[in-house]
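Following this note's numbering, the numbering of the sequence shown begins with 1 at its first residue and continues without gaps.
Built from N, CA and C at the ideal position, the CB exists for glycine as well.
Heads up, the thing below is written out as structure tokens.
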Amino acid sequence: MEKKDMEIMKKAMAFEAIMLMLIIFIGGAMAKSPSVIIVGAGMSGISAAKTLSDAGITDLTILEATGRIGGRMYKVPFAGLQVEKGANWVEGVGGKELNPMWKMAQELHLRNFESNYDNISANCYKENGGLYEEKVVNDALEIVAKVDKSGEKLSSSLPSSGFEDISLLTMQRLMKHVPTDPVSMVTDYYTYDYEFAEPPRVTSMQNTVPLSTFTNFGDKLHFVADQRGYESLVHHLAHQFLKSDKHGNFVDPRLILNQVVRRISYSASEVTVTTEDGKVYKADYVMVSVSIGVLQTNLIKFAPPLPDKKIIAMYQFDMSVYTKIFLKFNSTFWPTGDGTEFFLYASERRGYYPIWQHLETEFPGSHVLLVTVTDEESRRIEQQSDNDTKKEAMEVLRKMFGENIPNATDILVPKWWSDRFYKGSFSNWPIGVNRYEFDHMRAPIGRVYFTGEHTSEHYNGYVHGAYLAGIDSANIMIRCIKNGFCKFSIKAKNA
């Protein structure tokens, strides 16, 4: 081969090499961001989606089983009002740190009222009528407070791993206090069950005493009574990255409602999500934001099955049931004015229609009462007719206020436990679940990531926990996608 031909060939090869490098460079520069499917459009799912979008991961598909976004933040019409079927309070206000939900509520000018329980000791009714002396109830509340304070010291002395954790009931026994009479039982219920929706015998001491929400964000609670609903906070987040029309309705094709996810298949290279109506969605990653209650059922099947350690950890966590029953009357027969909003019914049957609230402050002239039940009573009530529930509630009210009070004209009984898309109200950290198992519960499995209020280490069970968990889970995924840090660290059992 002549020298001239050699030079031509070298130039051609050089040109091909340059073109190849250019193709590789352009291909890399033009490569689309990873695709992510998010299962569930509640607070944690939307929070995770926004975090991913803010990081440039915008190829998202949000699959929501219902016809709305918001999850367990859910306003519904009742007797001419919009009331909160689910989450109702911004809990944790006025402390050293700013609760992100309170910040958002303030920005949206969400109508709310601070709940003042200071006078509840003057509003505790006997089982068969009449009020207890205020001192009797105050003494019972002071005992609970002292036991709780002693529990804080004990809690701080235990290993952070949680392997020496005890239940709240065990804590009470150590402090020589086990509630048995109606007053001590209802004040105990008011202190613990009203907050965690499960009794002290199952609730972890180390993860509730002290309670991070109140320690960090403050001990004030604000009742949301805005006709836009508490769910407007979820909408506010979603509007920041999803397209909507001039009326505020979401028109972004990435948000797909009424898609019930039944199967999540995953491999080393992709995930496939199949819905109840047979639709199939493929992506690089999936973020599962359904409740821990749903994960404990067979609604969603994983292929291959999740590892045993993860399944065991998920099954150990509790999905509690917290039921707010609304009753409408044609007139008001209960005390109103300062210091009367909350009142207790001290029954021999612990947890039987125990905590009441009138809504004359939030909705003047509405003549609406709210009574809260939890756990076993919630499950029992969900299985009977609303008419039977109304009869029971009226019997209790007649014992408190006399036989001549009017009947309720309307009743609203939320049924979170019976709903296959929720299977309860919020998670509760039970005795026996330590940090090791909790980490397994929230750990990603390959390309499958998990979020939800139940994955919030310090704020599980709260709206702000759901919001912060969404951010945290999304950041774990982002670190894997962008930096290659895909290993989720789980400390040793006794660390």
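Helix, strand or coil at residue i according to DSSP, with G and I counted as helix
i: residue 298; result: coil
i: residue 102; result: helix
i: residue 84; result: strand
i: residue 327; result: strand
i: residue 74; result: coil
i: residue 203; result: strand
i: residue 53; result: helix
i: residue 251; result: coil
i: residue 244; result: strand
i: residue 459; result: coil
i: residue 231; result: coil
i: residue 339; result: coil
i: residue 387; result: helix
i: residue 464; result: helix
i: residue 512; result: Because the chain in this structure spans residues 1 to 495, residue 512 falls outside the shown range and cannot be described.
i: residue 478; result: helix
i: residue 489; result: coil
i: residue 236; result: helix
i: residue 382; result: helix
i: residue 470; result: helix
i: residue 393; result: helix
i: residue 398; result: helix
i: residue 454; result: helix
i: residue 483; result: helix
Contacting residues, own chain, Cβ-Cβ under 8 Å from residue i (five flanking each side not counted)
i: residue 320; result: 196, 197, 198, 374, 375, 424, 425, 426, 427, 428 and 461
i: residue 406; result: 329, 330, 331 and 333
i: residue 229; result: 70, 73, 74, 75, 82 and 84
i: residue 262; result: 274, 275, 276, 299, 300 and 301
i: residue 297; result: 420 and 423
Neighbourhood of residue i by C-beta, 6 Å cutoff - its chain only, sequence neighbours within 5 removed
i: residue 37; result: 61, 273, 281, 283 and 286
i: residue 94; result: 218 and 220
i: residue 55; result: 478
i: residue 490; result: 439
i: residue 243; result: 251 and 252
i: residue 303; result: 265
i: residue 255; result: 62 and 242
i: residue 40; result: 289 and 290
Residue(s) in a DSSP beta bridge with residue i
i: residue 63; result: 39 and 256
i: residue 113; result: 223
i: residue 211; result: Partner(s): none; residue 211 has no beta bridge.
i: residue 355; result: 344 and 372
i: residue 448; result: 286 and 445
i: residue 91; result: 221
Exposure of residue i, with buried meaning 16 or more beta-carbon neighbours within 10 Å
i: residue 271; result: buried
i: residue 323; result: buried
i: residue 402; result: exposed
i: residue 343; result: buried
i: residue 251; result: exposed
i: residue 258; result: exposed
i: residue 486; result: exposed
i: residue 200; result: buried
i: residue 455; result: buried
i: residue 404; result: exposed
i: residue 357; result: buried
i: residue 530; result: Since the first residue shown for the chain is 1 and the last is 495, residue 530 is missing from the structure and cannot be characterised.
i: residue 85; result: buried
i: residue 348; result: exposed
i: residue 493; result: exposed
i: residue 99; result: buried
i: residue 414; result: buried
i: residue 172; result: buried
i: residue 145; result: exposed
i: residue 107; result: exposed
i: residue 148; result: buried
i: residue 279; result: exposed
i: residue 235; result: buried
i: residue 193; result: buried
Other residues of its chain near residue i: CB distance less than 7 Å, five sequence neighbours each side excluded
i: residue 158; result: 164, 165 and 206
i: residue 432; result: 316
i: residue 237; result: 46, 47 and 50
i: residue 459; result: 212, 213, 465 and 468
i: residue 475; result: 51
i: residue 379; result: 321 and 417
i: residue 442; result: 450 and 455
i: residue 126; result: 132 and 346
i: residue 473; result: 48, 287, 449, 450, 451 and 455
Subject >> 3 or more residues per run - each beta strand (DSSP E) lying fully within the region 260 to 324 >> reply: 261 to 266, 271 to 275, 280 to 283, 285 to 288, 301 to 303 and 318 to 320
Subject >> 4-residue-minimum alpha helix (DSSP H) runs that sit fully inside the region 400 to 445, ordered along the chain >> reply: 435 to 442
Subject >> Segments assigned alpha helix (DSSP H), at least 4 residues, entirely inside the region 118 to 196 >> reply: 134 to 157, 168 to 174 and 182 to 188
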